[in-house]
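A.B. asks:
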Amino acid sequence: MSNAKFSLTYGDKGSFLDGPVPAELRIPLAGHETKTVKKKAVVGAGTLVADHKNAKTGNLHSGIPGTVADITADCVVVAALEAPAEGEAPAVPASPAPVNLASLQGEPLAAALKELGVDTRPLLKKCDTLIINGLNPEPGITFAETMLSAHKATLEAGLGVLRKLSPASKMVLACPEGAQTSLSGVTSAGVKAEYPNSLDELLIAKVSGSEKSSGYRVLPLHTLYNLGRVAETGLPLTEAVVSVQGVNYTVKIGTPVSVLLQHAGHQIADGDMVIVGGPMRGSATANLMLGIGKDTAGLFLIKQGTFAPVTNHQCISCGECVLNCPARIMPGLVSRYVEVRQYDHCTKEGIQHCMECGLCAYYCPARRPMLQIIRLGKHQIALKEAQVSACSLQGEEGVA
Ligand code: SF4
Ligand code: SF4
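Heads up: the sequence shown begins at 1 in UniProt numbering, then just goes up one per residue.
1. Is the region 327–345 in contact with the region 369–382, if contact means three or more CB pairs nearer than 8 Å?
2. By Cβ distance, which residues of its chain are closer than 6 Å to N226, with the 5 residues on each side in sequence left out?
3. Would you say the beta carbon of L359 comes nearer than 7 Å to a heavy atom of ligand 1?
4. Could you tell me if the beta carbon of I381 falls within a distance shorter than 7 Å of some heavy atom in ligand 1?
5. Within the structure, which residues are defined as neighbours of ligand 2 by a Cβ-heavy atom distance below 7 Å, reported in chain order?
6. Can you grab the Cα-Cα spacing for the pair G234 / K384, in whole Å?
7. Is L173 closer than 8 Å to S184 when the C-beta atoms are compared?
8. Which runs of the alpha helix (DSSP H), 4 residues or longer, sit entirely within the UniProt domain "4Fe-4S ferredoxin-type" (307–336)?
9. Kindly identify the DSSP beta-bridge partner or partners of S7.
10. When the Cβ atoms of the region 63–78 are set against those of the region 21–35, are three or more pairs found closer than 8 Å?
11. Considering Cα atoms alone, identify which of V259, R121, V241 is closest to R217.
12. If you count every other CB in all the chains shown that lies within 10 Å of the CB of S7, and 16 or more means buried, which is it?
13. Name the DSSP bridge partner or partners of A79?
14. Inspect the CB distances between the region 285–299 and the region 325–340 and report whether three or more fall short of 8 Å.
15. Which residues share a DSSP beta bridge with K252?
16. Measure the alpha-carbon distance for T36 versus D51 and round it to whole angstroms.
17. Within 10 angstroms of the Cβ of P365, are there 16 or more other Cβ atoms? Answer buried if so, exposed if not.
18. Is it right to say S283 is buried, meaning 16 or more other beta carbons lie within 10 angstroms of its own, or is it exposed?
19. Does the distance between the C-beta of C354 and the nearest non-hydrogen atom of ligand 1 fall short of 7 Å?
20. What separation, rounded to the nearest whole angstrom, lies between the Cα atoms of P309 and L288?
Here it is, written out as structure tokens:
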């Protein structure tokens with residue numbers, strides 16, 4: 001069962017297809033404030049619908065003209081406006097004027113990008129070498145080679161802005177070994193295009209030649225492409241490229257997953273599973289009205305009966321997960337410590353080295369939800385550490 005190879009190359013699949021024209025967007029809030037629009041407000045394409053208090057987190061905008069039908073804890077719902085009757089002027093706010101990013105530098109540029117919906121954190125991170133990850137992030141996600149060929153101009157536009165912001169003195173494009181791929185002024189480095197080499201930790205090790213290198217950061221190609229779209233148009237980011245069962249679409253942010261799957265010709269039946277993200281690291285969702293987010297790279301429909309269901313079976317200590325873990329930890333043991341809440345033991349066994357590749361779950365013959373268990377363990381440890389640090393701060397304040 002071990003040593004399956006997960007290829008990450010699919011060739012240039014041609015230009016991205018147009019996604020659906022949704023009757024309703026459900027724009028995921030993901031921590032954004034909702035003060036910028038009120039229920040029943042009429043919005044245009046590109047109208048700000050939610051901002052974020054973090055100065056580096058991009059704001060959210062509507063991708064269609066419509067009415068704010070609802071604002072929930074998770075999303076802003078925009079219902080598309082019906083086309084005006086003949087001779088009637090559409091009663092929607094005008095789309096925003098394009099921002100001339102070429103004239104901006106430094107902080108004003110970063111602030112303008114935030115306003116336009118770009119998350120600038122990955123662009124501004126301190127590093128000596130920035131690796132642009134030109135591999136597809138997971139098996140089944142197929143847009144990378146197309147971005148690097150048919151949409152290269154967009155990546156170059158993003159690169160122009162990235163150069164003005166990134167503190168990196170060197171940029172490297174990590175691409176499949178043997179691929180004739182390049183970006184202007186960026187060194188190319190061939191990497192074996194097999195999962196999990198697309199993960200940041202492994203990509204850095206492959207490009208630098210060392211598992212202990214410092215000063216490297218990785219930028220996903222998807223992020224550079226989004227930046228490029230904003231740089232080309234000067235308009236807010238309202239679309240994402242999503243690989244739907246291996247076919248790539250340009251999709252309005254907030255398009256419900258069921259609408260996108262249907263548009264792509266996939267019918268969801270009882271017992272099927274919808275995965276948002278990649279097949280290895282993504283999350284199953286029962287909410288078919290969940291909106292596509294800016295960073296959603298993939299959408300998959302797993303038909304009932306394709307795989308044995310994942311359930312909380314006991315570990316049978318077969319060792320398959322250990323044989324396949326790229327972090328060289330013992331996932332079975334760590335997962336059992338999480339289950340009995342022995343978080344100190346999890347830490348001793350290296351849970352923080354887990355790259356969340358999902359291979360342990362893939363190989364586990366007991367079909368344990370390994371990735372979810374390990375993520376839960378990390379979350380619990382982070383909560384515990386936050387509590388300890390809050391208590392220490394209170395203690396210090398008390399002493400003062
Ligand atoms: S997800 Fe599993 S296999 Fe992957 S690094 Fe973490 S523990 Fe190892
Ligand atoms: S977690 Fe699964 S793969 Fe790992 S040892 Fe246990 S049964 Fe085997």
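Just so you know, even glycine gets a beta-carbon here, dropped at the ideal spot from N, CA and C.
A quick note: this is a predicted structure, and the numbers were derived from the prediction, not measured.
C.D. replies: Based on what the coordinates show:
1. yes
2. L237
3. yes
4. no
5. C315, I316, S317, C318, G319, E320, C321, V322, P331, G332, S335, C360, Y363, C364, P365, A366, R368, M370
6. 43 Å
7. no
8. 320–324
9. E194
10. yes
11. R121
12. exposed
13. E24, T67
14. no
15. E239
16. 7 Å
17. exposed
18. exposed
19. yes
20. 19 Å
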